[in-house]
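In my numbering, the protein residues as written are 68 to 125. First the structure, in the form of structure tokens, and then the observations on it.
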């Protein structure tokens with residue numbers, strides 16, 4: 068076999084509007100330079116409404 072990385076994500080109906088908006092913003096041609104490189108990166112936690120951040124205040 069060959070080595071490969073997989074990521075699986077789930078989206079429920081209520082989450083889709085926010086995720087769609089973030090994906091469209093990221094895919095906007097203004098987010099890419101003349102060489103086609105993205106100016107702002109997109110990561111899964113950015114668009115995941117279920118994502119929570121734990122802040123350690125100690």
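We put the CB at the ideal spot given by N, CA and C, even for glycine. Values in this document were obtained by computation on a predicted structure and should not be read as measured data.
Thinking residue i and residue j are a contact (beta carbons under 8 angstroms), I'd like their distance in whole angstroms, please.
| i | j | result |
| --- | --- | --- |
| residue 106 | residue 98 | 5 angstroms |
Could you check where the alpha helix (DSSP H) with residue i kicks off and where it finishes?
| i | result |
| --- | --- |
| residue 88 | 83-94 |
What's the gap between the Cα of residue i and the Cα of residue j?
| i | j | result |
| --- | --- | --- |
| residue 92 | residue 86 | 10 angstroms |
| residue 73 | residue 104 | 23 angstroms |
| residue 95 | residue 102 | 15 angstroms |
| residue 80 | residue 70 | 33 angstroms |
Can you tell which of the options has the C-alpha that lies nearest to the C-alpha of residue i?
| i | options | result |
| --- | --- | --- |
| residue 109 | 101, 88 and 102 | 88 |
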